[in-house]
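Okay, so here's the structure we're looking at.
2 protein chains.
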Amino acid sequence: MKCSAPPAVRGRPREFDPDVALAAALRVFWTRGYEGASMAELTEAMGITKPSLYACFGNKEALFRKALDLYERDKLAYVGAALEAPTARGVAERLLRGALATHCGTSDPHGCLGVISTVACTNEVESIRAHVAARRASSEAALVERFKRASAEGDLPEGIDPAAMASCVTTVLQGLSVKAQDCACRSELEGAVDSFLSIWPSR
Amino acid sequence: MKCSAPPAVRGRPREFDPDVALAAALRVFWTRGYEGASMAELTEAMGITKPSLYACFGNKEALFRKALDLYERDKLAYVGAALEAPTARGVAERLLRGALATHCGTSDPHGCLGVISTVACTNEVESIRAHVAARRASSEAALVERFKRASAEGDLPEGIDPAAMASCVTTVLQGLSVKAQDCACRSELEGAVDSFLSIWPSR
DNA sequence: GAACCTATATACCGCTCGGTATGAAATGCT
DNA sequence: AGCATTTCATACCGAGCGGTATATAGGTTC
Chain L
14 MKCSAPPAVR
24 GRPREFDPDV
34 ALAAALRVFW
44 TRGYEGASMA
54 ELTEAMGITK
64 PSLYACFGNK
74 EALFRKALDL
84 YERDKLAYVG
94 AALEAPTARG
104 VAERLLRGAL
114 ATHCGTSDPH
124 GCLGVISTVA
134 CTNEVESIRA
144 HVAARRASSE
154 AALVERFKRA
164 SAEGDLPEGI
174 DPAAMASCVT
184 TVLQGLSVKA
194 QDCACRSELE
204 GAVDSFLSIW
214 PSR
Chain B
14 MKCSAPPAVR
24 GRPREFDPDV
34 ALAAALRVFW
44 TRGYEGASMA
54 ELTEAMGITK
64 PSLYACFGNK
74 EALFRKALDL
84 YERDKLAYVG
94 AALEAPTARG
104 VAERLLRGAL
114 ATHCGTSDPH
124 GCLGVISTVA
134 CTNEVESIRA
144 HVAARRASSE
154 AALVERFKRA
164 SAEGDLPEGI
174 DPAAMASCVT
184 TVLQGLSVKA
194 QDCACRSELE
204 GAVDSFLSIW
214 PSR
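Chains as they are written, first to last, in the numbering used here: chain L, 14 to 216; chain B, 14 to 216.
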């Protein structure tokens, strides 16, 4: 088997890099939401024409799903890393600070693409909502497991229900995403995060 | 001056009740968001035709603003009432429980119309975002003042910044609105609220 | 070079969007 | 009765939407 080196493509070679184009599409979806992003805006940002987009990515929904994959892989990596913090409080702090950095930074659009998609998508694109909801559910389930472990390790006070506490943390995370979209000032959100962490129950 | 009793309207009388129609429009906006609500869906839900809608309410944006007024008057009354609770914790609890009842009930659409409008509105309808943001800002400012008073009264621990704590509470509120839209199960959100209140700093 | 394959560019499709012109129907005023 | 005025119902408007047909340009393989 010698199928490597030059991919040996037949026909005219593609003039754009799909990864670069997908990253550009992600920024548009992140800024406008799924329905707010028009094909015209997408193609312009990606620097390609509509037939090229459809040939390479399928259709708008398939493009969005690929963008969502990229988003979770690149921008939501902090979530997985946060779960490995040694204490429950450390997990919460990494999650909240990571959300602050990701959704309220200077180089990327503000807010969370998942939240935007969940809140904004209506009518026909319910499949996207379901897709995003499923991912979030699995992410929250992992946090619940992590907090159950923390509870067993005596890392959370006995009166605290791990699952409810995980739900509380994700609630704050999603609230931060909403506020990041219109407040624009990171300092206020940092205050909210600091407050939440300051009332975190000590073991 | 005898200008009362019969309004003495000239011309063909209107065949629908604007208040009822506006309430129906509110439900549509609440469910679909501003951009997701089409004029066809609105007119059908309101039981009137498009010319009647435009004659009575102006245009889609004006209709939305009137619906937003109705929403805040009818559905967000608990916010003002919450501020009159005797303690800061009581204020927070009334706000959170009120949000739960309003955004996660059985008779109304789930989620918060303000959050939906902020997150979903893109492009041209930025004026609506600004309008909603201004209202939320004034609401949050009132909460900050209330917490400052609580702090002065020794109702909040000294290490807690009232403004940051207010921001934290509104963050949770908005997070609840997001979760209410896709989780559907109120019990989980009650757990999040209970957790938050259970870690509330005692004076 | 010829055959073949694939990406590009342009123009176009049907559809839905928010918004409106037009004429008929229903009331109060005189 | 007849007129003025306002609402109602139907049909329509231009614009933008997601998606595509067609033809040309740019490559590899033989």
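All C-beta atoms, glycine included, are put in the ideal place defined by N, C-alpha and C.
Where the alpha helix (DSSP H) through residue i begins and ends
i                     : result
residue 31 (chain B)  : 31-45
residue 82 (chain L)  : 73-88
residue 183 (chain B) : 175-195
residue 25 (chain L)  : From DSSP, residue 25 (chain L) is part of no alpha helix (DSSP H); its letter is neither H nor E.
residue 141 (chain L) : 139-165
residue 54 (chain B)  : 52-59
residue 207 (chain L) : 199-211
residue 69 (chain B)  : 63-70
residue 106 (chain L) : 101-116
residue 133 (chain B) : 126-133
Pick from the options that is closest to residue i, judged by C-alpha positions
i                     : options                    : result
residue 104 (chain L) : L:132, L:73, L:157         : L:157
residue 115 (chain B) : B:189, B:49, B:98          : B:189
residue 150 (chain B) : L:32, L:122, L:192         : L:192
residue 94 (chain L)  : L:53, L:57, L:107, L:102   : L:107
residue 118 (chain L) : L:205, L:194, L:24         : L:194
residue 145 (chain B) : L:45, L:196, L:165         : L:196
residue 34 (chain B)  : B:214, B:120, B:66, B:88   : B:66
residue 120 (chain L) : L:92, L:43, L:50           : L:43
residue 90 (chain B)  : B:171, B:111, B:51, B:52   : B:111
residue 206 (chain L) : L:109, L:102, L:88         : L:109
residue 29 (chain L)  : L:172, L:68, L:50, L:139   : L:68
residue 170 (chain B) : B:64, B:49, B:23, B:100    : B:100
residue 49 (chain L)  : B:139, B:215, B:214        : B:139
residue 172 (chain L) : L:215, L:198, L:200, L:204 : L:215
Alpha carbon of residue i to alpha carbon of residue j, nearest angstrom
i                     : j                     : result
residue 27 (chain B)  : residue 62 (chain B)  : 12 Å
residue 132 (chain L) : residue 130 (chain B) : 9 Å
residue 113 (chain B) : residue 202 (chain B) : 7 Å
residue 124 (chain B) : residue 168 (chain L) : 33 Å
residue 184 (chain B) : residue 177 (chain B) : 10 Å
residue 187 (chain L) : residue 212 (chain B) : 19 Å
residue 181 (chain B) : residue 209 (chain L) : 6 Å
residue 126 (chain L) : residue 143 (chain L) : 14 Å
residue 174 (chain B) : residue 59 (chain B)  : 46 Å
residue 97 (chain B)  : residue 163 (chain B) : 11 Å
residue 82 (chain B)  : residue 32 (chain B)  : 12 Å
residue 88 (chain B)  : residue 166 (chain L) : 43 Å
residue 147 (chain L) : residue 92 (chain L)  : 16 Å
residue 72 (chain L)  : residue 72 (chain B)  : 33 Å
residue 51 (chain B)  : residue 102 (chain L) : 45 Å
residue 297 (chain B) : residue 25 (chain B)  : Lying before the first or after the last residue shown, residue 297 (chain B) is absent from chain B, which here runs from 14 to 216.
Own chain residues within Cβ distance below 7 Å of residue i, not counting five before or after
i                     : result
residue 141 (chain B) : 47, 74, 77, 130, 134
residue 70 (chain L)  : 76, 79
residue 39 (chain L)  : 80, 83, 84
residue 56 (chain L)  : 62, 63, 66
residue 122 (chain B) : 40, 43, 44
Cβ shell of residue i (< 8 Å), same chain only, five flanking positions each side left out
i                     : result
residue 179 (chain L) : 153, 156, 157, 159, 160
residue 54 (chain L)  : 41, 45
Neighbourhood of residue i by C-beta distance below 6 Å, restricted to the same chain and skipping five residues each side
i                    : result
residue 37 (chain L) : 58, 59
(message) Please list, in chain order, the residues of the segment 157-181 of chain B that have any C-beta partner in chain L closer than 8 Å.
(response) Of all residues in the segment 157-181 of chain B, those with a C-beta nearer than 8 Å to a C-beta of chain L are 172, 173, 174, 176, 177, 178, 180, 181, reading in chain order.
(request) Could you list the residues in the segment 59-77 of chain B with a C-beta less than 9 Å from some C-beta on chain L, going in chain order? (result) From the segment 59-77 of chain B, no residue has a Cβ closer than 9 Å to chain L.
(request) Return the residues of the segment 193-216 of chain B that lie within a Cβ-Cβ distance of less than 9 Å from chain L, sorted by chain order. (result) Listed by position along the chain: 194, 195, 196, 201, 202, 203, 204, 205, 206, 207, 208, 209, 211, 212, 213, 214.
(request) For the segment 81-110 of chain L, enumerate the residues whose C-beta is nearer than 8 Å to any C-beta of chain B, in chain order. (result) Listed in sequence order: no entries.
(request) Quick one: which residues of the segment 22-48 of chain B get their C-beta closer than 9 Å to a C-beta of chain L? List them in chain order. (result) Interface annotation for the segment 22-48 of chain B against chain L: 44, 45, 46, 48, criterion Cβ-Cβ distance under 9 Å.
(request) Name, going along the chain, the residues of the segment 111-131 of chain L whose beta-carbon falls closer than 8 Å to a beta-carbon of chain B. (result) Going along the segment 111-131 of chain L in chain order, one finds 124, 128, 129, 131 with a Cβ nearer than 8 Å to chain B.
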